[in-house]
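Q: Here the UniProt record's numbering is used: position 145 in the sequence shown is 145, and no number is missing along the way.
All C-beta atoms in this analysis are idealised placements derived from N, C-alpha and C, irrespective of residue type, glycine included.
Keep in mind it's a predicted model, so treat the numbers as computed, not measured.
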Amino acid sequence: MVWRNAFLAVSGNERLRSFVSSSRVTRGVIDRFVAGESAVDAVRAAGELAERGIYSSVDLLGEDTAHPAQAEEITRGYLRLLERLDDAGLSGWAEVSVKATAVGLALGAEGEALAAENVGRICAAAGDVGTTVTVDMEAPDTVDATLRIATSLRDRFPWLGCVLQSYLYRTDADTAALALPKARIRLCKGAYAPDPVTGFTARRDVDASYVRSLRLLMASEAYPMVATHDPRLIDIAGTLARRYGKAPGDFEYQMLYGVRPDEQRRLADEGHKVRVYIPYGDNWYGYLARRLAERPANLMFAARSAVSR
Ligand code: FDA
Numbered sequence: 001m002v003w004r005n006a007f008l009a010v011s012g013n014e015r016l017r018s019f020v021s022s023s024r025v026t027r028g029v030i031d032r033f034v035a036g037e038s039a040v041d042a043v044r045a046a047g048e049l050a051e052r053g054i055y056s057s058v059d060l061l062g063e064d065t066a067h068p069a070q071a072e073e074i075t076r077g078y079l080r081l082l083e084r085l086d087d088a089g090l091s092g093w094a095e096v097s098v099k100a101t102a103v104g105l106a107l108g109a110e111g112e113a114l115a116a117e118n119v120g121r122i123c124a125a126a127g128d129v130g131t132t133v134t135v136d137m138e139a140p141d142t143v144d145a146t147l148r149i150a151t152s153l154r155d156r157f158p159w160l161g162c163v164l165q166s167y168l169y170r171t172d173a174d175t176a177a178l179a180l181p182k183a184r185i186r187l188c189k190g191a192y193a194p195d196p197v198t199g200f201t202a203r204r205d206v207d208a209s210y211v212r213s214l215r216l217l218m219a220s221e222a223y224p225m226v227a228t229h230d231p232r233l234i235d236i237a238g239t240l241a242r243r244y245g246k247a248p249g250d251f252e253y254q255m256l257y258g259v260r261p262d263e264q265r266r267l268a269d270e271g272h273k274v275r276v277y278i279p280y281g282d283n284w285y286g287y288l289a290r291r292l293a294e295r296p297a298n299l300m301f302a303a304r305s306a307v308s309r
């Protein structure tokens, strides 16, 4: 928990960001978890996964956008990315994941409307090339607005996915409300700073909450997207899917780029649908800090590989 809070606390520090990007050891961590800085890198990573029968969800890194021009730039970046994925013949394999704060949510009173409009533009472009979008979930104070955006767009784009985080107290109720027929719901533990007012801080409570929501989703007619690397939860997902008659293809497993690639392969080989979340772009710092907060061993792994290079 000490490590987790320390990494999350420095996730916005610019000086640390430039140190991290120039250090050989930490460069190894970036390269492991981020596909690259350009859309070409992301499309290449999605293509390599598709060749192995694995789907992807591509995230143009960006969050806490502070100016409307930045929100516009990121939105256009997604529109270009979707064109590139289509040109590469990958729109059947790759969707996109979008953060509401990247496309305007944090921009004051008009932010929610702007973010909804921009997510809508991205959805329209995704629909044109035959793929889907998932709206990522961010810090607890953005959850209501993010769910409102996703819900308001579902009439036009019924395939628009949303994310629930099991570390929040509210997630039992949100799961019950959102587990509608065909609703694409990604269930994860939650990657932002734990807060005893809004959510569980003990790992066992977060895991128990995950299992409760997973059971509800598997028993419903929704399309669960089981986003975890946790071997125990992956096993439980398989057991619940069998119990509630969900065949491979009625739900999917999701993991992050660079995390447990052997397990991704194993599940795909067993006939499951597996999707890997591929982040790319130069705004990788907050994303990376969350990965280190979850698992400081990631830094040790990269340090060892840098030394042996
Ligand atoms: P956790 O980190 O608790 O680890 C449990 C166990 O998994 C470990 O004990 C170990 O056995 C195994 N494990 C984990 N990492 C490993 C590694 N690097 N190597 C080997 N074994 C490892 N969060 C959020 O707040 N909003 C979002 O929108 C998303 N979106 C999202 C999409 C996808 C596809 C994924 C997989 C995750 C997210 N997340 C997210 C992040 C999520 O909330 C969470 O922070 C991470 O997935 C880490 O939690 P785990 O469930 O993997 O378990």
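Let me know if G249 comes out buried or exposed under the rule of 16 or more other beta-carbons within 10 Å of its beta-carbon.
A: Numbered from its first residue, the sequence shown carries residue 249 at position 249. It counts as exposed.
Q: Can you give me the Cβ contacts of A139 inside the same chain, cut-off strictly under 7 Å, excluding the 5 residues immediately before and after it?
A: Within the sequence shown, residue 139 is the residue found at index 139, counting from 1. Counting only Cβ-Cβ distances below 7 Å, and skipping sequence neighbours, we find Y192.
Q: Measuring CA to CA, which of D86, T132 and E37 is closest to residue 311?
A: Past the edges of the chain, shown from 1 to 309, lies residue 311, and the structure says nothing about it.
Q: Check this for me: beta carbons of L187 and M225, under 8 Å apart or not?
A: Here residue 187 corresponds to residue number 187 of the sequence shown, with the count starting at 1. Here residue 225 corresponds to residue number 225 of the sequence shown, with the count starting at 1. Yes, Cβ-Cβ distance for L187 and M225 is below 8 Å.
Q: Restricting to Cα atoms, I'd like to know which of G258, Q254 and R203 is closest to T228.
A: Counting from 1 along the sequence shown, the entry for residue 228 is found at position 228. Out of G258, Q254 and R203, Q254 has the C-alpha closest to the C-alpha of T228.
Q: Sorted by chain position, which residues of the same chain lie with C-beta nearer than 7 Å to A247's C-beta, five sequence neighbours on each side aside?
A: For the purposes of this step, residue 247 is taken as residue 247 along the sequence shown, with counting starting at 1. So the list is empty, once near-sequence residues are dropped.
Q: Grab the span of the beta strand (DSSP E) containing residue 310 for me, first residue to last.
A: Outside the modelled stretch of the chain, which goes from 1 to 309, sits residue 310, for which no answer is possible.
Q: Under the DSSP definition of a beta bridge, which residues are partnered with S97?
A: Within the sequence shown, the letter at position 97 stands for residue 97. Note: S97 sits in a beta bridge opposite D59 and T134.
Q: Specify the secondary structure class of E252 as computed by DSSP and reduced to three states.
A: In the sequence shown, residue 252 corresponds to position 252, counting from 1. E252 falls in the strand class under three-state DSSP.
Q: Taking the C-alpha atoms as reference points, what is the distance between A45 and R204?
A: Reading the sequence shown from its first residue, position 45 is the one you call residue 45. Reading the sequence shown from its first residue, position 204 is the one you call residue 204. So the two alpha carbons sit approximately 34 Å from each other.
Q: With respect to 7 Å, is the separation between the Cβ of V259 and the closest non-hydrogen atom of the ligand FDA below this value?
A: Along the sequence shown, one-based indexing puts residue 259 at 259. V259: yes, Cβ under 7 Å from the ligand FDA.
Q: Under 8 Å between the Cβ atoms of G104 and N118?
A: Along the sequence shown, read from residue 1 onward, the residue named residue 104 stands at position 104. Along the sequence shown, read from residue 1 onward, the residue named residue 118 stands at position 118. Yes, Cβ-Cβ distance for G104 and N118 is below 8 Å.
Q: Under 8 Å, do D136 and V98 count as touching if we go by C-beta distance?
A: Taking the sequence shown and counting its residues from 1, one reaches residue 136 at position 136. Taking the sequence shown and counting its residues from 1, one reaches residue 98 at position 98. Their beta carbons are under 8 Å apart, which means D136 touches V98 by this criterion.
Q: Only counting the same chain, and skipping five residues up and downstream in sequence, which positions put a Cβ closer than 7 Å to that of A150?
A: Start at 1 with the first residue of the sequence shown, and residue 150 comes out as number 150. So the qualifying residues of the chain are V135, L160 and C162.
Q: Flag H272 as yes when its Cβ comes closer than 7 Å to any non-hydrogen atom of the ligand FDA, and as no otherwise.
A: For the purposes of this step, residue 272 is taken as the residue at position 272 of the sequence shown. False, no ligand heavy atom lies under 7 Å from that Cβ.
Q: Enumerate, from N- to C-terminal direction, the unbroken alpha helix (DSSP H) stretches of 4 or more residues contained entirely within the segment 152 to 217.
A: Those alpha helix (DSSP H) runs which fall completely within the segment 152 to 217 and span 4+ residues are 171 to 178.
Q: Grab me the residues of L164's own chain with a C-beta within less than 8 Å of its C-beta, minus the 5 sequence neighbours each way, in chain order.
A: On the sequence shown, residue 164 is found 164 positions in, with the first residue counted as 1. Within the same chain, L164 has close Cβ partners M137, T171, D174, T175, L178, I185, R186, L187, C188 and S213.
Q: According to DSSP, what are the bridge partners of Y277?
A: Counting from one through the sequence shown, the residue named residue 277 turns up at place 277. For Y277, which the question treats as bridged, DSSP gives the partners S57 and L256.
Q: Where DSSP assigns a beta bridge to P224, which residues make up the other side?
A: Looking up residue 224 in the sequence shown gives position 224. P224 is bridged to I185.
Q: If Y280 sits next to F33, beta carbons under 8 Å apart, how far is it from one beta carbon to the other, in whole angstroms?
A: For this step, residue 280 is matched to residue 280 along the sequence shown. For this step, residue 33 is matched to residue 33 along the sequence shown. Contact flag wrong, Cβ pair sits at about 11 Å.
Q: Quick check on DSSP: helix, strand or coil for V29?
A: Counting from one through the sequence shown, the residue named residue 29 turns up at place 29. Helix at V29.
Q: Can you tell me where the alpha helix (DSSP H) holding E73 begins and where it ends?
A: The residue you call residue 73 lines up with position 73 of the sequence shown. P68 to D87 is the extent of the alpha helix (DSSP H) around E73.
Q: What residue from E263, S56, L292 and D282 has the CA that sits closest to S91's CA?
A: For the purposes of this step, residue 91 is taken as the residue at position 91 of the sequence shown. Looking at the Cα atoms, S56 is the closest of the given residues.
Q: So, G190 versus S166, is the Cβ gap smaller than 8 Å?
A: Indexing the sequence shown from 1 puts residue 190 at position 190. Indexing the sequence shown from 1 puts residue 166 at position 166. Yes. Within cutoff.
Q: Verify the contact flag: M137, CB atom, against every heavy atom of the ligand FDA, threshold strictly below 7 Å.
A: To locate residue 137, count along the sequence shown from 1; it is residue 137. M137 Cβ: within cutoff of the ligand FDA.
Q: Smallest Cα separation from E221: which of T239, A237 and L180?
A: Working through the sequence shown from its first residue, we reach residue 221 at position 221. Cα-wise, what sits closest to E221 is L180.
Q: Considering only C-alpha positions, which residue in the set E51, L85 and A100 is nearest to I74?
A: Taking the sequence shown and counting its residues from 1, one reaches residue 74 at position 74. Of the listed residues, the one whose Cα sits closest to I74 is A100.
Q: The ligand FDA heavy atoms versus the CB of Y192: any closer than 7 Å?
A: To locate residue 192, count along the sequence shown from 1; it is residue 192. For the ligand FDA, at least one heavy atom lies less than 7 Å from the Cβ of Y192.
Q: According to the neighbour-count rule (16 or more other Cβ atoms, all chains shown, within 10 Å of its Cβ), is T239 buried or exposed?
A: Here residue 239 is taken as the residue at index 239 of the sequence shown, counted from 1. Label assigned to T239: exposed.
Q: Distance check for S209 and P196, CA to CA, integer angstroms please.
A: By one-based count along the sequence shown, residue 196 stands at place 196. By one-based count along the sequence shown, residue 209 stands at place 209. Approximately 15 Å between the Cα atoms of the pair.
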